[in-house]
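Asks: If you read the sequence shown in the numbering used here, its first letter stands for residue 108, the second for the next number, and so on. Take this structure, written in structure tokens, and hold onto it; I'll ask about it next.
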Amino acid sequence: MTGADPGGASHGTGAAGTGVGQVVAEDELAGAPDPAVDPAGWALAAERAVEAVASAEELRSLDPLLLGKRSQLTAARQRLGGLAPEERKAAGGELNRVRQQVEAAVERRRGELVAAERRARVEAERLDLTEPLAAARARSLGATSAACGAGVAVWRQGLVHLVQRTRDQLEDVFVGMGFTVADGPEVETDWYNFEALNMPPAHPARGMFDTFYLDVEPAESVVLRTHTSPVQIRVLQSGRLPVYAVMPGRCFRRETADARHFPVFHQVEGLVVDEGITFGDLAGTIETFTAAYFGPGISARLRPAFFPFTEPSAEFEITCTICHGAGCRTCSGTGWVELGGCGMVDPAVLQAVGVDPERYSGFAFGFGIDRCAQMRYGIPDMRAMFDNDVRVLRQA
Ligand code: FA5
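And the structure:
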């Protein structure tokens with residue numbers, strides 16, 4: 108093999124802005140032996156150059172110098188034509204082998220660099236959802252971490268919506284009393300929402316619920332649930348007795364919004380079914396819940412009422428917390444606000460789901476969560492809770 112000019116391939120010296128890794132890599136290549144003379148030595152230097160680059164971008168810039176038209180390797184290959192056929196074959200084979208070796212090294216390094224860059228990008232773009240907004244915002248404005256630690260108050264931290272907070276608090280109260288929490292669908296069949304609750308088709312009590320029907324066949328067979336009472340049926344159908352459960356969730360009625368009503372609202376249903384349950388247990392449970400949620404000193408009363416799925420039935424009311432009983436727009440001048448309905452589970456309901464009413468008895472209740480929040484936080488008009496004006500929500 109004829110000697111070759113080691114400087115035959117032109118090596119760039121690194122363009123303006125070239126990274127340190129690339130400069131080191133180019134230096135490695137500049138000092139490499141001629142591959143036509145020492146292919147293994149050149150491959151070693153080329154691999155060191157590949158290792159020296161610090162980014163995928165640098166590796167891309169180095170590529171033409173390593174394996175491209177301007178490379179020592181290509182120059183060596185071009186000079187093969189001057190060799191005798193036998194020599195040319197051996198030297199060509201050797202140059203092919205080192206090319207493959209360096210190509211593999213480039214690919215391996217490219218994989219490492221791309222993965223490292225992806226990791227760095229993900230880390231830089233990571234959102235810490237638990238970080239207080241003031242600090243996060245201050246940092247995004249360029250404040251140092253010391254300034255963030257000192258509490259540069261730019262934005263205030265968000266808060267859980269009043270209704271969700273009340274739902275959580277009510278769940279906590281009942282879980283503390285030994286209840287479990289169950290769930291049911293917001294879209295219900297007519298059977299669960301009405302029939303199983305002792306309201307067959309055309310029963311006049313259906314008029315108590317202004318119902319949204321889904322546009323499916325057969326007509327009026329599927330509804331947006333008007334109350335959480337259908338979840339009672341689902342819990343009883345699971346067949347596990349005794350039952351001590353609360354079932355919070357969203358309900359829907361075709362009602363015009365006013366100071367105490369909203370077309371989309373929330374209830375928490377309660378159901379206890381066991382041997383020997385009495386109305387006294389119901390009254391005691393409601394009293395415990397009221398004291399735990401509103402604090403002592405709240406005046407409450409049970410008034411006789413009618414629900415087809417409980418017998419006897421009652422409505423649970425507290426003194427209006429806006430006017431303290433004097434009468435105002437919120438309580439329609441009565442001084443009292445109804446929070447929910449309740450009663451002893453009608454034996455027909457137990458029978459409909461295969462529970463023996465001779466052995467088991469129970470009570471149920473359904474409270475308006477929004478109504479509870481409204482009364483606890485003294486909000487005269489329920490609509491204010493859904494205007495999403497943070498000044499209102501923050502006051503509570
Ligand atoms: C019922 O919905 C019965 N399912 C309650 C029940 C359960 C009775 C178990 C017996 C046994 P009622 O329609 O009264 O009852 O609603 C109960 C409570 O839900 C009301 O007192 C009120 O607090 C709340 N509520 C009802 N409609 C609305 C509405 N449109 N906006 C806000 N809250 C409402």
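Beta carbons: idealized from backbone N, C-alpha and C, even for Gly.
Express the C-alpha separation of Val330 and Val323 in angstroms, rounding to a whole number.
Replies: Whole-angstrom Cα-Cα distance: 10 Å.
Asks: With distances taken from CA atoms, which of Met284, Val267 and Gly377 is nearest Asn495?
Replies: Out of Met284, Val267 and Gly377, Val267 has the C-alpha closest to the C-alpha of Asn495.
Asks: Got a sec, what are the start and stop residues for the alpha helix (DSSP H) Cys430 sits in?
Replies: No alpha helix (DSSP H) contains Cys430, which DSSP labels as neither H nor E.
Asks: Compare the C-alpha of Ile425 against each of Gly442, Pro411 and Ile384 and name the closest.
Replies: Looking at the Cα atoms, Gly442 is the closest of the given residues.
Asks: Tell me which residues share the same chain as Phe416 and place their Cβ nearer than 6 Å to its Cβ, disregarding the 5 neighbours each side in the sequence.
Replies: So the list reads Leu304, Asn305, Asp453 and Val456, once near-sequence residues are dropped.
Asks: Rounded to whole angstroms, what is the Cα-Cα separation between Leu446 and Ile340?
Replies: Approximately 22 Å between the Cα atoms of the pair.
Asks: Alpha carbon to alpha carbon, how far is Leu220 from Phe372?
Replies: Roughly 54 Å between the two C-alpha positions.
Asks: How about Val353 and Val375: do their beta carbons lie closer than 8 Å?
Replies: The answer is yes: Cβ separation under 8 Å.
Asks: Quick one: is Thr320 buried, meaning 16 or more other Cβ sit within 10 Å of its Cβ, or exposed?
Replies: Looking at the sequence shown, residue 320 is not Thr but Tyr. Counting Cβ neighbours within 10 Å, Tyr320 comes out exposed, since fewer than 16 surround it.
Asks: Please report the distance separating the alpha-carbon of Ala139 from that of Glu154.
Replies: Using only the alpha carbons, I get a separation of about 11 Å.
Asks: When the distance is taken between beta carbons, is Glu418 closer than 8 Å to Met451?
Replies: Yes.
Asks: Who are the near neighbours of Leu173 in its chain, counting only those whose CB is closer than 8 Å to its CB and skipping five residues on each side?
Replies: Excluding positions up to five away in sequence, the list reads Leu136, Ala153, Ala156, Val157, Leu180, Val209 and Val213.
Asks: In terms of residue numbering, what span does the beta strand (DSSP E) encompassing Phe472 cover?
Replies: Here the beta strand (DSSP E) through Phe472 covers Ser468 to Gly475.
Asks: Per DSSP, Ile425 is paired with what?
Replies: Partner(s): Ala407 and Val444.
Asks: What would DSSP say about Ala260, mapped onto helix, strand or coil?
Replies: Its pLDDT being 48, under 50, Ala260 is placed unreliably in this model, and the value from its coordinates should be taken loosely. If DSSP states are grouped into helix, strand and coil, Ala260 belongs with coil.
Asks: Within 7 Å: the Cβ of Met482 and any heavy atom of the ligand FA5?
Replies: Met482: no, Cβ never under 7 Å from the ligand FA5.
Asks: Which of the three DSSP states is assigned to Glu376 in this structure?
Replies: Correct three-state label for Glu376: strand.
Asks: Considering only residues of the same chain and omitting the five flanking positions on each side of Arg313, which have a CB-CB separation below 8 Å?
Replies: Counting only Cβ-Cβ distances below 8 Å, and skipping sequence neighbours, we find Phe301 and Met306.
Asks: Just mark Ile486 as buried or exposed, buried being the case when its beta carbon has 16 or more other beta carbons within 10 Å.
Replies: That one is buried.
Asks: Classify Gly450 as helix, strand or coil using the three-state DSSP reduction.
Replies: Looking at Gly450 - three-state DSSP - the assignment turns out to be strand.
Asks: By the DSSP assignment, the alpha helix (DSSP H) with Tyr299 in it spans what residues?
Replies: Counting along the chain, the alpha helix (DSSP H) containing Tyr299 begins and ends at Asp297 to Asn300.
Asks: Whose CA, out of Ser168, Val229, Arg177 and Leu151, lies closest to the CA of Ala211?
Replies: Comparing Cα-Cα distances from Ala211 to each of Ser168, Val229, Arg177 and Leu151, the minimum goes to Leu151.
Asks: So if DSSP puts Asp381 in a beta bridge, which residue, or which two residues, is it bridged to?
Replies: The partner list for Asp381 (beta bridge, DSSP) reads Ser468.
Asks: Does Met492 come out as helix, strand or coil in the three-state DSSP assignment?
Replies: Note: Met492 maps to helix in three-state DSSP.
Asks: Which runs of the alpha helix (DSSP H) fall wholly inside the region 270-327 and span at least 4 residues, in chain order?
Replies: List check, alpha helix (DSSP H) in window: 297-300.
Asks: According to the Cβ coordinates, are Arg360 and Thr335 closer than 8 Å?
Replies: Result no, Cβ atoms of Arg360 and Thr335 do not sit closer than 8 Å.
Asks: Under DSSP, the alpha helix (DSSP H) around Phe359 begins and ends at which residues?
Replies: No alpha helix (DSSP H) holds Phe359; the beta strand (DSSP E) holding it covers Val350 to Phe359.
Asks: Alpha carbon to alpha carbon, what distance is there between Met492 and Gly128?
Replies: If you take the alpha carbons of Gly128 and Met492, they lie about 60 Å apart.
Asks: Less than 8 Å between the CB atoms is what I'm expecting for Gly57 and Glu278, so what's the real figure, rounded?
Replies: With the chain covering only 108 through 503, there is no way to say anything about residue 57.
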